[in-house]
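Structure first, then comments.
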Amino acid sequence: MNITVSILAEIPEELYDSVSRYLDSHADWDQDRLFSAAVSLFLVQNGVCDRQAAQVYLDSLFKQPA
């Protein structure tokens, strides 16, 4: 069973504009998928030795349910 949580985050307007442009040109991606991929990649790259974070990243890239 997938359990998701909602996160409210403030980001710089320039980053928001970049995200919006990316999503506008990549119809198969949505904001939830993009942020899941970004956060999980950050954790993996910064030494969080968690198989679940790596799995979320891979699932996000290949559009599989996390």
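Numbering (our numbering), first residue to last: 3 to 68. Ideal Cβ placement from N, Cα and C applies to all residues, glycine included.
- By the CB criterion at 8 Å, L36 and L25 fall inside the cutoff.
- L10 carries a coil assignment under DSSP once its states are collapsed to helix, strand and coil.
- Distances from the CA of V58 to each of V21, E15 and A40 were compared; the closest alpha carbon is that of A40.
- With a cutoff of 8 Å on beta-carbon distance, A55 and S38 are scored as not near each other.
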